[in-house]
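Engineer:
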Amino acid sequence: MKNNVTVKKWLAVYTRPRWEKKVNQLLGEKGIESYCPLNKIRRKWSDRYKIIEEPLFKSYVFVKVSEDERKDVRLTNGAINFVYWNGKPAVIKEREIAAIRRFLDEYEQVEARQVEVKVNQRVRITNGTLMDQQGTVLDVRKKTVKVAIDSLGYILVAYIDKTKLTSAQA
19 MKNNVTVKKW LAVYTRPRWE KKVNQLLGEK GIESYCPLNK IRRKWSDRYK
69 IIEEPLFKSY VFVKVSEDER KDVRLTNGAI NFVYWNGKPA VIKEREIAAI
119 RRFLDEYEQV EARQVEVKVN QRVRITNGTL MDQQGTVLDV RKKTVKVAID
169 SLGYILVAYI DKTKLTSAQA
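Written out as structure tokens, the structure is:
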């Protein structure tokens, strides 16, 4: 059994504004596993349109570190501190990181909105890339479904057909 100090967990790191990509790069150079979810956005320049990559979560980068490596993360230029939840660093589940990756692979121009998490109906997605993922539906309008990522208090907005949802109890 691994010592608790050497077990690696995904944590959220708060960064300086607009430093997400740089912090992700610096962490990689230190050999620390990190993930900065990037969203492809179509922007209009004066003479053309261009696809650019922007961080999905402003001022956040995810790191998979052990307790021993946390100090190295804090000492990284641009990293401010870990995000805390109930007095402890907020642990992000591996399946939530995987869901974010799949979500960004399937959908373009994704939007992340910070919200106050409220308990509503639990649902399971029955089809598509996010199949078998469960979440709390915060709002459903036509094809827009807001699925809460509990660890961060953020939601991802996707255009998912209502027919692809079922009650989590079913």
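Mapping of the sequence shown onto our numbering: residues 19 to 188, in sequence order. We treat Cβ as the ideally placed atom computed from N, Cα and C, and that holds for glycine.
Work out the CA separation of Trp103 and Val135 for me, nearest whole Å.
Structural biologist: For the purposes of this step, residue 135 is taken as residue 117 along the sequence shown, with counting starting at 1. For the purposes of this step, residue 103 is taken as residue 85 along the sequence shown, with counting starting at 1. Residue confidence for Val135 is low, a pLDDT of 34 falling below 50, so the modelled location carries little weight; the figure read from the coordinates is stated next. Whole-angstrom Cα-Cα distance: 13 Å.
Engineer: Could you tell me the distance, in whole angstroms, from the CA atom of Val41 to the CA atom of Gly96?
Structural biologist: Position 23 of the sequence shown holds residue 41. Position 78 of the sequence shown holds residue 96. Spanning the two alpha carbons is a distance of roughly 6 Å.
Engineer: Do Glu51 and Lys89 come within 8 Å of each other at the CB atom, strictly closer than that value?
Structural biologist: As a working mapping, residue 89 is identified with position 71 in the sequence shown. As a working mapping, residue 51 is identified with position 33 in the sequence shown. Not closer than 8 Å, so no.
Engineer: Tell me which residues share the same chain as Val101 and place their Cβ nearer than 6 Å to its Cβ, disregarding the 5 neighbours each side in the sequence.
Structural biologist: In the sequence shown, residue 101 corresponds to position 83, counting from 1. Ala30, Tyr32 and Ala108.
Engineer: Measuring straight from C-alpha to C-alpha, what distance separates Val133 and Ser77?
Structural biologist: Within the sequence shown, the letter at position 115 stands for residue 133. Within the sequence shown, the letter at position 59 stands for residue 77. Note that Val133 has pLDDT 39, beneath the 50 cutoff, so the model's placement of it is unreliable and no number is given.
Engineer: To the nearest angstrom, how far is it from the Cα of Asp157 to the Cα of Arg140?
Structural biologist: The sequence position of residue 157 within the sequence shown is 139, counting from 1. The sequence position of residue 140 within the sequence shown is 122, counting from 1. Distance between the alpha carbons of Asp157 and Arg140: 12 Å.
Engineer: Looking at the structure shown, is Asn57 part of a helix, part of a strand, or coil, going by DSSP?
Structural biologist: The count along the sequence shown starts at 1 and reaches residue 57 at position 39. In the structure shown, Asn57 sits in a strand (DSSP, three-state: E or B).
Engineer: In chain order, which beta strand (DSSP E) runs of at least 3 residues are fully inside the segment 35-87?
Structural biologist: Complete beta strand (DSSP E) runs here, min 3: 51-53, 56-62, 67-73 and 78-83.
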